[in-house]
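Going line by line, the protein sequences match chains R and W. Taking the numbering used here, the leading residue of the first sequence gets 431, the next gets one more, and so forth. Taking the numbering used here, the leading residue of the second sequence gets 144, the next gets one more, and so forth. In what follows, a single structure is set out as structure tokens and then discussed.
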Amino acid sequence: MVDETPIDDTKTRISEYSRRCADSFTRETRMEEPTKESEPRITTDSLSMSYGEFKALEDITVQVPRRSITAIIGPSGCGKSSLLRCFNRMNDLVEGCRVTGEVKLDGEDIYAPGYDVIQLRRTVGMVFQRPNPFPKTVYDNVAYGPRLSGVKDKERLNRVVEESLKKAALWEEVKGKLKGSAMNLSGGQQQRLCIARVLAVEPEVILLDEPCSALDPVATQRVEDLLAELKERYTMVIVTHNMQQAARVSDFTAFVMIENQGEPGKVVEFGDTNHMFTNPVDERTERYITGRFG
Amino acid sequence: MEGRKEFHEQLDDLYLELLRMANATLEVLERTKVAFRDGDIETAGRIIEGDDEIDQYVTRIDEGGMELLARQAPVAIDLRTIVVIMRMSQELERAADNCVNICKAIVNIRRYTLSPWIKENMDEMFRWAIKIMAKAIDAFKERDPDMVEKLVRMDDTVDRINREFLTTYDRESENETELVVRVVMTARFLERVADHAVNIGEEVYYMVTGEFAD
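Right under this line is the structure:
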């Protein structure tokens with residue numbers, strides 16, 4: 431399907447929002463640079479990552495296309511989540527973590543000295559394995575990010591909360607209990623609330639680390655449907671243990687594996703999901719996805 | 144670590160069921176050849192009645208394949224193998240149906256004496272049809288994607304003999320309209336058997352390579 435949403439719309443929307451925020455300077459500069467729809471949103475070149483002496487990832491070179499869902503699959507401990515966390519520098523928070531090689535967002539090296547990491551995490555949002563709403567009201571959860579960015583106007587906040595909850599396909603279920611505790615929502619609703627919380631700060635990329643692993647099949651289906659809707663606007667990368675979920679929701683798939691215990695994870699194959707699940711190129715991918723190892 | 148052991152055992156069972164069906168189909172072809180040559184209407188009748196057995200293979204393979212698709216969510220080579228086994232069972236069933244049609248023709252032309260020309264050419268046609276089907280089944284057993292090219296060339300020979308029935312034979316036997324029609328139809332049925340064998344070769348090519356044969 432041809433994506434007809436013009437990139438300029440997104441840029442304008444993001445720019446407008448940025449202007450409303452107190453600290454919008456880096457984004458303003460970046461958004462003025464032309465970006466082509468066909469160019470990848472995220473690229474890595476010879477990316478390696480270590481936790482102290484342990485090398486978790488080695489020589490990762492991938493290109494994540496924009497307005498699509500890219501799945502990262504692979505056996506437990508292969509470095510899937512570590513790779514995902516490189517995309518918004520979440521690994522910076524882990525002591526002893528060292529990254530070499532390049533990770534670029536829209537052509538800009540996010541590990542370059544002086545890169546605004548706070549802005550990066552706003553641009554590249556993250557949803558985690560277990561729903562982790564703040565112990566606050568539904569409204570305050572979604573309004574948290576915009577408030578932190580300096581939005582004080584109540585009407586504007588109301589609008590952002592409503593729009594974000596609508597985009598996260600949660601509005602109809604919670605519009606009558608916005609002032610109720612988020613902790614009273616079901617697991618699936620809490621996870622969509624977390625997605626709404628990410629959307630409220632107008633990200634461009636959403637990283638999802640096994641977002642459905644704690645959800646029942648119905649809630650999982652709701653989240654998967656939501657991802658399909660969101661990909662018209664956002665670039666998404668999802669780590670999943672569930673290969674069928676990768677096959678169902680993603681446009682592109684990266685298969686990461688370690689050859690032997692203690693060795694770093696490497697991308698064995700990266701490509702079109704249809705092709706990977708019907709006719710993978712690498713024999714190791716085939717053995718993994720058909721359950722012949724791992 | 145070996146995973147999904149039970150699934151792969153079930154897939155092996157489905158594979159073996161198709162091989163049993165393929166052997167049964169080849170046997171039907173052989174028996175039809177002898178029945179035609181000898182004008183043996185009793186054997187022809189038994190082949191017609193026995194077609195249910197071939198149909199039951201299709202049902203079992205369909206059920207087994209559907210169950211694996213629904214319950215095991217197969218991908219890659221496993222997915223292609225299951226889909227190809229299900230499609231191949233259809234090709235074999237249609238090849239067997241052509242034998243049934245030939246057997247009905249054997250019953251219908253029992254009062255005629257077949258000329259040496261008919262016997263010789265039809266025997267050759269049968270031999271080629273059986274040979275090409277056996278090769279196609281070998282391609283599946285050996286997972287040989289390149290066999291399809293050989294099958295296409297063999298099919299050309301079957302097509303040539305079939306054309307001879309249309310061009311040479313009808314002038315010889317113009318007074319025996321029913322015989323002409325039945326014999327020409329029999330040649331046509333065998334030509335279809337060869338076509339099904341080529342289709343099987345193409346399925347094997349897809350199963351092994353993941354690409355569709357040209």
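Where a beta carbon is used, it is the ideal one built from N, C-alpha and C, also for glycine.
Given residue i, which residues of its chain have a CB within under 8 Å of its CB, disregarding the five upstream and five downstream residues?
i	result
residue 682 of chain R	494, 495, 498, 499, 500, 501, 700, 701, 702 and 703
residue 532 of chain R	473, 474, 475, 476, 477, 539 and 541
residue 655 of chain R	599
residue 566 of chain R	574, 611 and 612
residue 696 of chain R	487, 488, 489, 490, 686, 687, 688 and 689
What are the start and end residues of the beta strand (DSSP E) that includes residue i?
i	result
residue 689 of chain R	First-last for residue 689 of chain R: undefined, no H or E at that position.
residue 556 of chain R	554-557
What first and last residue would you give for the alpha helix (DSSP H) that runs through residue i?
i	result
residue 349 of chain W	320-352
residue 701 of chain R	Residue 701 of chain R -> not in any alpha helix (DSSP H); beta strand (DSSP E) instead, spanning 696-702.
residue 650 of chain R	647-660
residue 309 of chain W	Counting along the chain, residue 309 of chain W falls outside any alpha helix (DSSP H), and DSSP gives it neither H nor E.
residue 269 of chain W	259-284
residue 150 of chain W	148-181
residue 214 of chain W	184-215
residue 247 of chain W	219-251
residue 511 of chain R	510-516
residue 628 of chain R	617-629
residue 422 of chain R	Chain R is shown only over 431 to 724; residue 422 of chain R falls outside these bounds and no answer can be derived.
residue 716 of chain R	713-719
Per DSSP, which residues does residue i bridge with? Please list them.
i	result
residue 493 of chain R	R/473
residue 527 of chain R	R/481
residue 611 of chain R	R/567
residue 503 of chain R	R/685
residue 539 of chain R	R/534
residue 635 of chain R	R/554 and R/665
residue 600 of chain R	Looking at the DSSP assignment, residue 600 of chain R forms no beta bridge with any residue, so it has no partner.
residue 487 of chain R	R/479 and R/695
How about residue i and residue j: do their beta carbons lie closer than 8 Å?
i	j	result
residue 191 of chain W	residue 211 of chain W	no
residue 204 of chain W	residue 167 of chain W	no
residue 343 of chain W	residue 234 of chain W	yes
residue 262 of chain W	residue 180 of chain W	yes
residue 686 of chain R	residue 526 of chain R	no
residue 340 of chain W	residue 276 of chain W	yes
residue 272 of chain W	residue 157 of chain W	no
residue 535 of chain R	residue 513 of chain R	no
residue 669 of chain R	residue 511 of chain R	yes
residue 182 of chain W	residue 270 of chain W	no
residue 332 of chain W	residue 244 of chain W	yes
residue 644 of chain R	residue 617 of chain R	yes
residue 302 of chain W	residue 345 of chain W	no
residue 259 of chain W	residue 352 of chain W	no
residue 356 of chain W	residue 348 of chain W	yes
residue 708 of chain R	residue 219 of chain W	yes
Against chain W, does residue i count as a neighbour if the rule is that its beta carbon must be under 8 Å from one of theirs?
i	result
residue 719 of chain R	yes
residue 690 of chain R	no
residue 708 of chain R	yes
residue 716 of chain R	yes
residue 674 of chain R	yes
residue 677 of chain R	yes
Short of 6 Å in beta carbon distance, which residues of its chain neighbour residue i, apart from the five on each side in sequence? Order them along the chain.
i	result
residue 634 of chain R	553
residue 515 of chain R	521
residue 528 of chain R	480
residue 456 of chain R	Low confidence applies here, because residue 456 of chain R scores a pLDDT of 38, under 50, leaving its location unreliable and the question unanswered by this model.
Using a C-beta cutoff of 8 Å, does residue i count as contacting chain R?
i	result
residue 222 of chain W	yes
residue 218 of chain W	yes
residue 278 of chain W	no
residue 147 of chain W	yes
residue 150 of chain W	yes
residue 207 of chain W	no
residue 193 of chain W	no
residue 353 of chain W	yes
residue 357 of chain W	no
With a threshold of 7 Å on Cβ separation, who are the neighbours of residue i within its own chain once the five nearest residues in sequence on each side are excluded?
i	result
residue 595 of chain R	572, 601, 604 and 626
residue 174 of chain W	186 and 190
residue 576 of chain R	587, 590, 630 and 631
residue 350 of chain W	223, 224 and 227
residue 715 of chain R	685, 698, 699 and 706
residue 208 of chain W	157, 225, 228 and 229
residue 710 of chain R	699, 716 and 719
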